[in-house]
Amino acid sequence: MTFRNRWARVAVLVISFLIPHSSFLEINAQRYVGGDISVLLKYEQQNATYLDKDGAAIADVLEFLKQQGWNTMRVRLFVDPSNDPDKCVVQDLEYVKTLGKRIKDAGLLFMLDFHYSDTWADPGHQTIPDSWKIWSWTPDVTVYNYTKETLEALVAAGATPDLIQTGNEISFGMLWGFTQDGKYEDWEEWGGHLEATADWKDYTDKHWDNFSKMLKAAGKACREVCPEARIIIHTEQCANNPTLDVAFFRHIQQYEIDYDIIGVSYYPYYKGPLSNLDRGLTQLEENFPDKQIQLVETGYPSKWEVGGSSYDYTKTYPYTHEGQRQYTADLIAMLQKHPQVNGLSWWYAEANAKGCTGDLATGWYNASLFDNETGRALPALYELKAFADDLSAIVPFLNDRVGERADWYTLQGLRLPSAPSRPGLYLNAGRKVLLR
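For what it's worth, our numbering labels the leading residue of the sequence shown as 32, then goes sequentially.
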């Protein structure tokens, strides 16, 4: 059915008042900006010294970040990290309940990052929790029960998530190690592992059935317990292999997996220059115009390179405080060219060895937003607020006039490629339009 015929067949209500610019901006200016602060409680326990750029003591890190224009805090969650020696793998449910409640009490948005593992989940590791390694197991049922029970506990604790990642960097699946019938085998039998073709441009169909069941189960639990939360599916191939990332989300679409936001990671020292991310975002926008996109992980060093770096960007952005700030400014300027991108989160933003006497005193990660040697907030931290302040994504709409050919927008300010075909409330030519 064409859209023109649809107008003749459905009830259409045009709210008769023009939207005042102030009201429109209030609806559409929402940008999510902040960082992953998953280790903050442990830094506080070790008496890390947090100072602002002028050297004044910060009494409350969350309140300070809020004052700098941040509005969203990301926290990862492991199933049972107790046996992992990694000093940053401590985020069990009790830990996340405590930090999540602080985030909410501070009037900030809470992004929950399910790892579905006892330890780091990423493109090379999606290890099944030890307690899930049993000989009779139904992956989607276990994922559903765990997700639902976890969210119920967070809600009861006053830590209701506003955004939920169902998996962390899952370009190649998650919960590797289960066979088709759900039995646990060794890692060669990848029950949830997705295989790419030889040229890395697409996926084979092997294991997509199992993987899709897991994601559907996770999403179902999210909708039931936290119906207002937005679901993020998070991959990390956008900058270095955008065609594979597009292929991933095409499969997500084909399997009719429910989600709201495409989440991506980008670290220039691994993924190459900003132009790579720019190209990848363009491909995602062209192929999935109805989805918003968030950069849920990024970072850049302020003094020396991150271990394992494979791309040298220092001619453009030296490993200095100013180089890190300039990277942040240029990143934001590039993101502002992408109307579907509405989120930016700095990974491990809170890392700060100053004052620590325990296992965090080494200051190994030098791409955080606090100086490990002085404890002072770095210039890049203050730069991030420019992303939340930007309104350029909605300027085209403000220029539309009633009676002229105008683009269609969602209430979140997302421009649609054509007139909408689904029922809902939209913006067109300065008016709200309800399609039934």
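Even glycine gets a Cβ: it sits at the ideal position worked out from N, Cα and C.
I'd like the ranges of any beta strand (DSSP E) spanning at least 3 consecutive residues and lying wholly in the region 112–186. Fully enclosed beta strand (DSSP E) runs of 3 or longer: 140–145.
Between residue 22 and residue 124, which are expected to be in contact by the criterion C-beta below 8 Å, what is the C-beta distance as a whole number of angstroms? The requested residue 22 is not part of the displayed model; the chain covers only 32 to 467.
Range covered by the alpha helix (DSSP H) that runs through residue 76: Position 45 of the sequence shown, counted from the start, is the residue given in the question as residue 76. Run containing residue 76: 71–76, per the alpha helix (DSSP H) assignment.
Give me the DSSP bridge partner(s) of residue 110. Within the sequence shown, numbered from 1, the residue matching residue 110 stands at position 79. None; residue 110 has no bridge partner.
What first and last residue would you give for the beta strand (DSSP E) that runs through residue 194? Here residue 194 refers to the residue found at position 163 when the sequence shown is read from its first residue. Segment 194–197, the beta strand (DSSP E) holding residue 194.
Please report the residue range of the beta strand (DSSP E) in which residue 372 lies. Sequence index remark: in the sequence shown, residue 372 carries index 341 (1-based). Per DSSP, residue 372 belongs to the beta strand (DSSP E) from 372–377.
Hey, would you say residue 104 sits closer than 8 Å to residue 141, going by beta carbons? Taking the sequence shown and counting its residues from 1, the one referred to as residue 104 is at position 73. Taking the sequence shown and counting its residues from 1, the one referred to as residue 141 is at position 110. Judged by their CB atoms, residue 104 and residue 141 are nearer to each other than the 8 Å cut-off.
Measure the C-alpha to C-alpha separation of residue 182 and residue 68 and round it to an integer number of angstroms. By one-based count along the sequence shown, residue 182 stands at place 151. By one-based count along the sequence shown, residue 68 stands at place 37. Answer to the nearest angstrom: the Cα atoms are 19 Å apart.
Unbroken beta strand (DSSP E) run spanning residue 326, endpoints: The count along the sequence shown starts at 1 and reaches residue 326 at position 295. Note, residue 326: beta strand (DSSP E), 323–329.
Backbone CA spacing between residue 168 and residue 207 [nearest angstrom]: Here the question's residue 168 lines up with position 137 in the sequence shown. Here the question's residue 207 lines up with position 176 in the sequence shown. Computed Cα separation, rounded: 13 Å.
According to DSSP, residue 363 sits in a beta bridge with which residue or residues? For this step, residue 363 is matched to residue 332 along the sequence shown. BP columns for residue 363 are empty, so no partner.
Under 8 Å by Cβ, that's how I've got residue 18 and residue 270 pegged, so tell me the actual separation to the nearest angstrom. The shown model of the chain, from 32 to 467, leaves out residue 18, and the question about it has no answer.
Taking residue 326 and residue 275 to be in contact with their CB atoms under 8 Å, please state how far apart those CB atoms are, rounded to whole angstroms. Within the sequence shown, numbered from 1, the residue matching residue 326 stands at position 295. Within the sequence shown, numbered from 1, the residue matching residue 275 stands at position 244. Between residue 275 and residue 326 the Cβ distance is about 18 Å, and since that is not below 8 Å, they are no contact.
Evaluate residue 148 with the Cβ neighbour count: other Cβ atoms within 10 Å of its Cβ, from every protein chain shown; 16 or more gives buried, anything less gives exposed. In the sequence shown, counting from the first residue as 1, residue 148 sits at position 117. Using a 10 angstroms sphere on the CB of residue 148, the tally of other CB atoms reaches 16 or more, which defines it as buried.
Coil, strand or helix - residue 90 by DSSP: Position 59 of the sequence shown, counted from the first residue, corresponds to residue 90. Residue 90: coil per DSSP, three-state reduction.
Need the endpoints of the alpha helix (DSSP H) that residue 243 sits in, please. Looking up residue 243 in the sequence shown gives position 212. Residue 243 -> alpha helix (DSSP H) spans 239–256.
Ignore the nearest five residues each way along the sequence and tell me which others in residue 288's own chain have a CB closer than 7 Å to its CB. On the sequence shown, residue 288 is found 257 positions in, with the first residue counted as 1. For residue 288, where only same-chain residues beyond five positions count, the Cβ hits under 7 Å are 243, 246, 247, 250.
Where do the N-terminal and C-terminal ends of the beta strand (DSSP E) with residue 62 fall, by residue? The residue labelled residue 62 in the question sits at position 31 within the sequence shown. Membership of residue 62 in any beta strand (DSSP E) is not indicated, and neither H nor E is assigned to it by DSSP.
Looking only at its chain, what residues have a beta carbon closer than 6 Å to the beta carbon of residue 458, apart from the 5 residues adjacent to it on each side? Counting from 1 along the sequence shown, the entry for residue 458 is found at position 427. Result list for residue 458: 440, in chain order.
Within 10 angstroms of the Cβ of residue 317, are there 16 or more other Cβ atoms? Answer buried if so, exposed if not. Position 286 of the sequence shown holds residue 317. So residue 317 counts as exposed.
Between residue 360 and the rest of its own chain, which residues show a CB-CB distance below 6 Å, the 5 nearest in sequence each way excluded? Counting from 1 along the sequence shown, the entry for residue 360 is found at position 329. Cβ within range, chain order: 414.
Kindly indicate the opening and closing residues of the beta strand (DSSP E) around residue 265. Locating residue 265 in the sequence shown gives position 234, counting from the first residue. Residues 261–266.
Touching or not, the region 320–339 and the region 398–416, by the rule of three or more beta carbon pairs under 8 Å? yes
Assuming residue 413 is part of the beta strand (DSSP E), what are its boundary residues? Within the sequence shown, numbered from 1, the residue matching residue 413 stands at position 382. Taken as a continuous stretch (DSSP letters only), residue 413 belongs to no beta strand (DSSP E), being part of the alpha helix (DSSP H) at 410–414.
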